[in-house]
Amino acid sequence: MSQLRMTLAEIQAYVDEGEVVGSPDFFCRSVASLDKAGDDQLSFVKDRRYFDKARRTGAGALLVPERIEGFEGNQLVVSDSHRVFGQLLTKIATEKRRQPPGIHPGAHVDESAEIGSDVTIGGGAVVREGAMIGDRSVLYANTYVGQRSVIGADTVLYPNVLILEDVTIGDRVLIHGGTVVGSDGYGFVQHEGQHIKIPQVGAVVIGDDVEIGALTTIDRATLDQTVIGRGTKIGDLCHIAHNCQIGENVLVLPTVAISGSVTVGDGAIFAGRSGCADNLTIGEGAVLGGTSVAFKDVPAGAQMWGNPARDKMQEMRIQGVLRHLPEMQRELRAVKKKLGL
Amino acid sequence: MSQLRMTLAEIQAYVDEGEVVGSPDFFCRSVASLDKAGDDQLSFVKDRRYFDKARRTGAGALLVPERIEGFEGNQLVVSDSHRVFGQLLTKIATEKRRQPPGIHPGAHVDESAEIGSDVTIGGGAVVREGAMIGDRSVLYANTYVGQRSVIGADTVLYPNVLILEDVTIGDRVLIHGGTVVGSDGYGFVQHEGQHIKIPQVGAVVIGDDVEIGALTTIDRATLDQTVIGRGTKIGDLCHIAHNCQIGENVLVLPTVAISGSVTVGDGAIFAGRSGCADNLTIGEGAVLGGTSVAFKDVPAGAQMWGNPARDKMQEMRIQGVLRHLPEMQRELRAVKKKLGL
Amino acid sequence: MSQLRMTLAEIQAYVDEGEVVGSPDFFCRSVASLDKAGDDQLSFVKDRRYFDKARRTGAGALLVPERIEGFEGNQLVVSDSHRVFGQLLTKIATEKRRQPPGIHPGAHVDESAEIGSDVTIGGGAVVREGAMIGDRSVLYANTYVGQRSVIGADTVLYPNVLILEDVTIGDRVLIHGGTVVGSDGYGFVQHEGQHIKIPQVGAVVIGDDVEIGALTTIDRATLDQTVIGRGTKIGDLCHIAHNCQIGENVLVLPTVAISGSVTVGDGAIFAGRSGCADNLTIGEGAVLGGTSVAFKDVPAGAQMWGNPARDKMQEMRIQGVLRHLPEMQRELRAVKKKLGL
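Protein chains in written order, with this note's numbering: chain A, 11 to 351; chain B, 11 to 351; chain C, 11 to 351.
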C-alpha cells in the first residue's frame, strides 16, 4: 500500500546523498518494515542493533547507516537512515493524500469568509460567516468551520472535523477525522434540584504544529480561552475539558482525559488512558504513566503511576507488595495466634 | 471573543434592575473571568469571598451583589450578580450562534417529514421518511435524523449529530457535535465459535431539557426503549449502552461509560470517567467518584469511590493504608523473625 | 417501535414451522421483552427457566419452545424459539432500515470509482478516486470512502463513517455511525525537544463479518497493515491503535483501548473498558475482565482481572484482603507493641 515506485538511484537523487551497494537500478515498489518486507520493497535499518535482523529480512533493498556485510540485497548507505526513511515516508504520504485543488461545488462557503490562496475545500464542507482559511490549507469533505474561526496556513482538517465558532488554529496543524473543537464544556449550576446550564462563550486557541487525533473533543472555555500550545500532539478519543491551558510540545496519548481548568507544563507526557482531575497543575516535563490518574498537583519532572497517581517508584513498590497481600494476611494471623492476640 | 458590546446603562435596562457605581456610559466590549479581564471587559463577583480578588482585577467593570469599596473601576450592583451574569452570557451565546433561518438548499429533507415553524436546517443535513422536527429547532449542517424519529421544539442538534431511526427527543434538548443516538447496542450470541448478531430493534427516548456532549453514543434498546430522563446532563465521549433507564436530573460527566440494562435513579452523579457494569441499579442521588466503577448495585444516596467501587470512607481508609504497605511488609518480617516464624 | 404487523398464521408461514395455540388470526403489532410487552405485542420464551415469568407477562402472544400451561394468551410453538425470534427481529430491522436504492444526486462519487450492482449511496457521501464498492453494499449519508479503498459486498457503513485511503473491508461488515478507519496512528520521534511526525503510510484490512460500533477509531499501520480478523465484533468508542493484529471472532466490548502493535489471538475477549499496553501478545481465547489493563503478555486461555491485570483468582484474593487492610494495619501495630518493636 505504501507505494514508493523509485529506483535506488532516483532515491539517491531525491535525498541528495548516499552510496549504492548493489544495483542503482533496483526498483523499490513500496516500503515495509524489516519483518514484513518482500523482494520488491525497501526497508530501513536504524543502527547496529538491527544488523542481525537485517541479515534475515526478505527486503529487496535497505536504507542503512553503514554497509551491512552479509545482507544479500541492495543497500543505500546514508548519513542518517532513520531520517532519510522519514523523508521518503513523507513523500509517499503526500502523494497518497493528494487533494484536487480548489473549492468543491458541493462545499458551502459563506461569502463573508476569507479564503487564502491554494486552499482545498471538499464537498459538503461548511465555512461560516467571517471565518478565515489560511493559504494552502486543506478542508476535507464534510468538515465545518464556524463563525469567525481562523484556520492558519498549511493546516489539514480531515473529514467530519468540526471547528465550532470563535476558534483560532495555527499553521501546519493536523486534525484527524471527526474531532470536535470548541464544543460546550460541562458547566451547570444546581438550582432547586435542576441543573442550569452556564453558557460557554469563551474560545479555543490551538498553536502551530499541533496534531490532534480522530474523535477527540476540545471544549471551549467558559469565558476566556482553552489553549493548546505549539507542537503539542494529542491522540484519538481524548478529552480536553474547558479552560485547560496545555503547554508546548506536550504528548497526550490516545484516550486520555484532562478535566476542566487544568494547567499542563511544556513537555509533559500523558501516557495512554491517563488523566487528571479538574483545577490541577501538572508541571513541566512531568509524566503520567498509562492509565494513571492524578488527583493532586504534579511537580515538574515527576514520574507518576497508578490511580490515584503516586510517585512511580512508590507505586511500583506498593504493587510489588500487593501480590503478597493474601500471604501477609495469613502470616499476620499466625503471628496473632502465637501471641494469643 | 465573548462579545457583549453594551454600556452599563444598556445592561441595566436589559436586566431591568441595578444601580451603577461609576459611569453608566462605560462600554463593555466583552466578558472575562476576574483573573483575565482587561479594562474594556466586564467580569462578575459572586459574593464577599471574592471581594479581595475583585480589588486586584484588571476588569473595567464588575457586576456585583453589593458595592465593593476599593475597586477603582465601574460597578453595576444587582440583586444576584451570578444569575444576572448568566443572563448576559445567554444573550452572548445566542448572538454568537445565530443561525440563518429556514432550510438550506443543500439539505436533504424527505417530503414525508413534518417540519415545524421557524425550523433551521443546515446544508448537508438529512431528515428521513416520516421524521418530525418541532418548532424553532435547529439542525446544524450535516446532521441526520432517521426514519420516524421525532425531535421536539427548541431543540438544537450541532453539526454531524446522528439521530438514527425511531428515536424520540424532547423539547429544549441540546446535543453537541458528532454524537450518535440510536446506534445498535453490543448484542451477540455465540453459536459454534461464531458471534451471531442479535438485531437491535428497540428505540431511544430522551426527555425534555437534556444536554448531551460531543462524540457520545447512546445505543437503542434491543426490543424496548433506552431512556434518558428529563433534565439529565451527559458530557463528551460518554457511552450509554442499550436498554439503560437513566433517571431525571442525573449528571453524567465526560468519558463515563454505563453498561447495558443499567437503571439509574433521579439525581445520581457519575463523576468523570466513572462507570458501572451491566444490569445494575444505581440508586437515587448516589454518587460515583471520578474513575470509580461499580460492579454491584449502589444504594440510594451512597457515595462510592474506587475500582471496584466501595463506600467512599472505606476506600479512603484503604488508600491511606496502601501507601504504608511496603513498610507493613518489612515490619511483619521483623515480627516473624523475632518470633522465629 | 419494533413493528412486526403479522398474524400468528403469517409468522408460521414466514418461518415455515410451528403450531399455533389460540388464534392464528391474532395480530402482533410489534415485539417486546416479557417484562414490557402489552396485549398487542409478541414476546418470546427461551426455555423452561422463563415459564413462570411468561405466565405473568402482559404479552398478547408468545413464541415458545413448548406449550406453556397457564398462559392465557396466544402461543406459537416452534423448535427453537430464540432462533425464530431472532429471525423475526432481522426481518423487522431490515424493514425499519430500508434504504432508497441507487446513488443519491447529492453524493460525490469520483468517476474512477467502481460501484457494484444494487449499491445504495446516500446524500453527501463521498467515494474517492479508485475506490471500489461491492454489490448490495449501503453507504449512508455523509459517509466517506478514501482513495483506493475497497468495500466488500453486503457491507453497511452508517452515517458519517470515515474510511480513509487504502483500507480494505470485507463482506457483510457493519460499521456504525461516525467511526473512523485508517486515521494516522500516534507516532512521533523526539528531536531537540520537538516531536517530529512519523508519516503513517500503511493500511488497514478488515475481514468478513466484522461489526464495529459507533465512534470507534482503528488507525492505519505505520508501514504495513493493521488487521481485524473475520467475525470480530468491536463496540462503541473503542480505540485500536496502529499495527495491531486482531484475530478472528474476537470480542472487543465498548470503550476498550488496544495500544499499538498488539497481537490478539482468535476468540479472545476484552470486556468493557479493558485495554492493554503496546507491543503485547494476548493469547487465543484469553479474557480481560471489565476495566482490566494488561501490561504484560497474556497466555492463551488466561482469565485476567485488575489494573495491572493479574490472574483472575489471584486478583480476587487480593481484592478480598484489601477490604481488611485498615484492620491489618491496626493488628500489626498491636503486635509490634506487644513485642516492644
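Idealized CB from N, CA, C, for every residue including glycine.
Nearest to residue i by alpha carbon, out of the options?
{"i": "Val-74 of chain A", "options": "A:Ala-296, A:Ala-103, A:Glu-139 and A:Phe-61", "result": "A:Phe-61"}
{"i": "Gly-70 of chain C", "options": "C:Gly-156, C:Thr-232, C:His-334 and C:Lys-46", "result": "C:Lys-46"}
{"i": "Ala-135 of chain C", "options": "C:Asp-128, C:Lys-63 and C:Pro-115", "result": "C:Pro-115"}
{"i": "Cys-16 of chain B", "options": "B:Leu-298, B:Leu-52 and B:Glu-325", "result": "Looking at the sequence shown, residue 16 of chain B is not Cys but Met. Closest option to Met-16 of chain B, Cα to Cα, is B:Leu-52."}
{"i": "Glu-139 of chain B", "options": "B:Gly-68, B:Gly-270 and B:Ile-173", "result": "B:Ile-173"}
{"i": "Val-31 of chain C", "options": "C:Glu-82, C:Asn-170, C:Gly-245 and C:Asn-152", "result": "C:Glu-82"}
{"i": "Gly-188 of chain C", "options": "C:Gly-195, C:Ala-213, C:Val-211 and C:Leu-149", "result": "C:Leu-149"}
{"i": "Gly-212 of chain C", "options": "C:Cys-254, C:Cys-248 and C:Ser-284", "result": "C:Cys-254"}
{"i": "Val-220 of chain C", "options": "C:Ala-231, C:Glu-258 and C:Arg-230", "result": "C:Glu-258"}
{"i": "Asn-289 of chain C", "options": "C:Ala-296, C:Val-297, C:Asp-276 and C:Ser-271", "result": "C:Ser-271"}
{"i": "Ser-33 of chain A", "options": "A:Val-345, A:Asn-84 and A:Arg-230", "result": "A:Asn-84"}
{"i": "Leu-9 of chain B", "options": "C:Asp-57, C:Leu-18, C:Gly-28 and C:Gly-96", "result": "Nothing can be reported for residue 9 of chain B, as the shown portion of chain B is limited to 11 through 351."}
{"i": "Leu-263 of chain C", "options": "B:Ala-287, B:Gly-48 and B:Glu-27", "result": "B:Ala-287"}
{"i": "Asp-26 of chain A", "options": "A:Arg-58, A:Gly-48 and A:Arg-93", "result": "A:Arg-93"}
What number of angstroms, rounded off, separates the C-alpha of residue i from the C-alpha of residue j?
{"i": "Ile-250 of chain C", "j": "Gln-235 of chain B", "result": "30 angstroms"}
{"i": "Ile-238 of chain C", "j": "Phe-54 of chain C", "result": "34 angstroms"}
{"i": "Leu-86 of chain A", "j": "Cys-38 of chain A", "result": "12 angstroms"}
{"i": "Val-88 of chain A", "j": "Arg-108 of chain A", "result": "28 angstroms"}
{"i": "Tyr-168 of chain A", "j": "Asp-35 of chain C", "result": "55 angstroms"}
{"i": "Leu-225 of chain C", "j": "Val-331 of chain C", "result": "39 angstroms"}
{"i": "Gly-282 of chain B", "j": "Ala-319 of chain B", "result": "14 angstroms"}
{"i": "Pro-111 of chain B", "j": "Ile-244 of chain A", "result": "36 angstroms"}
{"i": "Thr-301 of chain C", "j": "Glu-20 of chain C", "result": "46 angstroms"}
{"i": "Thr-153 of chain B", "j": "Val-191 of chain A", "result": "17 angstroms"}
{"i": "Leu-247 of chain A", "j": "Arg-77 of chain B", "result": "47 angstroms"}
{"i": "Gly-132 of chain B", "j": "Thr-227 of chain B", "result": "22 angstroms"}
{"i": "Ser-193 of chain A", "j": "Val-166 of chain A", "result": "19 angstroms"}
{"i": "Pro-209 of chain C", "j": "Gly-197 of chain C", "result": "8 angstroms"}
{"i": "Gly-68 of chain C", "j": "Asp-307 of chain B", "result": "27 angstroms"}
{"i": "Asn-317 of chain A", "j": "Ala-42 of chain A", "result": "39 angstroms"}
{"i": "Ser-284 of chain C", "j": "Val-303 of chain B", "result": "12 angstroms"}
{"i": "Ile-256 of chain C", "j": "Arg-65 of chain C", "result": "45 angstroms"}
{"i": "Lys-56 of chain B", "j": "Gly-80 of chain B", "result": "17 angstroms"}
{"i": "Arg-340 of chain C", "j": "Ala-344 of chain B", "result": "16 angstroms"}
{"i": "Arg-63 of chain B", "j": "Ile-292 of chain A", "result": "According to the sequence displayed, residue 63 of chain B carries Lys and not Arg. Roughly 24 angstroms separates the two Cα atoms."}
{"i": "Leu-44 of chain C", "j": "Leu-44 of chain A", "result": "58 angstroms"}
{"i": "Ala-296 of chain A", "j": "Arg-230 of chain A", "result": "25 angstroms"}
{"i": "Lys-106 of chain A", "j": "Gly-156 of chain C", "result": "10 angstroms"}
{"i": "His-252 of chain A", "j": "Asp-276 of chain C", "result": "41 angstroms"}
{"i": "Arg-240 of chain B", "j": "Val-266 of chain B", "result": "19 angstroms"}
Going by beta carbon distance, what residues of the same chain come within less than 6 angstroms of residue i, once the five residues before and after it are set aside?
{"i": "Val-260 of chain A", "result": "Thr-242, Val-274 and Ala-278"}
{"i": "Thr-130 of chain C", "result": "Gln-109, Pro-111 and Val-148"}
{"i": "Ser-40 of chain B", "result": "Ser-12, Gln-13, Leu-14 and Gln-51"}
{"i": "Gly-299 of chain C", "result": "Ala-281 and Trp-315"}
Less than 7 angstroms between C-beta atoms, sequence neighbours within five positions excluded: which residues of the same chain meet that for residue i?
{"i": "Val-215 of chain B", "result": "Thr-178, Gln-235 and Val-237"}
{"i": "Arg-158 of chain B", "result": "Gly-140, Ala-141, Glu-175 and Asp-176"}
{"i": "Phe-322 of chain C", "result": "For the record, residue 322 of chain C in the displayed sequence is Lys; it is not Phe. Same-chain partners within the cutoff: Gly-299, Gln-313, Met-314 and Trp-315."}
If you drop the 5 nearest sequence neighbours on each side, which residues of the same chain put their C-beta closer than 8 angstroms to that of residue i?
{"i": "Gly-162 of chain B", "result": "Gly-144, Ser-147, Ile-179, Gly-180, Asp-181, Arg-182, Val-183 and Asp-218"}
{"i": "Asp-128 of chain B", "result": "Pro-111, Asp-145 and Arg-146"}
{"i": "Gly-311 of chain B", "result": "Gly-293, Glu-294, Gly-295 and Ala-296"}
Next item on the list: Specify whether the stretch 98-108 of chain C and the stretch 117-132 of chain C touch according to this definition: at least 3 beta carbon pairs, one from each stretch, less than 8 angstroms apart.
Entry: no
Item checked: Against chain A: residues of the stretch 256-275 of chain C by CB proximity under 7 angstroms -> Ala-267 and Ser-269
Margin query: Taking contact to mean 3 or more Cβ pairs, one atom from each stretch, closer than 8 angstroms, check whether the stretch 169-187 of chain C and the stretch 196-208 of chain C are in contact.
Written below: no
Notebook entry, point to check: Can you find at least 3 beta carbon pairs, one from the stretch 335-342 of chain A and one from the stretch 320-340 of chain C, that sit closer than 8 angstroms?
Noted result: yes
Note to self: Against chain B, which members of the stretch 168-183 of chain C pass a CB distance test of less than 9 angstroms?
What the structure shows: Taking 9 angstroms as the upper bound on Cβ-Cβ separation, chain B lies near residues Tyr-168, Pro-169 and Asn-170 of the stretch 168-183 of chain C.
Check: Just by C-beta distance, which residues in the stretch 313-336 of chain B are closer than 9 angstroms to chain C?
Finding: Here the close residues are Asn-317, Pro-318, Arg-320, Gln-324, Arg-327, Ile-328, Gly-330, Val-331, Leu-332, His-334 and Leu-335.
Checklist line | Against chain A: residues of the stretch 203-223 of chain C by CB proximity under 8 angstroms | finding: Listed by position, the residues of the stretch 203-223 of chain C near chain A (Cβ gap below 8 angstroms) are Gly-203, Gln-204, His-205, Ile-206, Lys-207, Ile-208, Pro-209, Gln-210, Val-211, Gly-212 and Ala-213.
Next item on the list: For the stretch 236-251 of chain B, enumerate the residues whose C-beta is nearer than 7 angstroms to any C-beta of chain A, in chain order.
Entry: Gly-241, Lys-243, Gly-245, Asp-246 and Leu-247
Notebook entry, point to check: Quick one, which residues of the stretch 292-309 of chain B are near chain A if we go by CB-CB under 7 angstroms, in chain order?
Noted result: Gly-300 and Thr-301
Margin query: Against chain B, which members of the stretch 126-140 of chain A pass a CB distance test of less than 8 angstroms?
Written below: Gly-134 and Val-136
Checklist line | Interfacial residues, the stretch 86-115 of chain B to chain A, with Cβ spacing under 7 angstroms | finding: Under the 7 angstroms Cβ criterion, the stretch 86-115 of chain B contributes Gly-96, Leu-99, Thr-100, Ile-102, Ala-103, Lys-106 and Arg-107.
Next item on the list: With 7 angstroms as the C-beta to C-beta threshold (strictly closer), list the residues of the stretch 33-46 of chain B near chain A in chain order.
Entry: Val-41, Ala-42, Ser-43 and Lys-46
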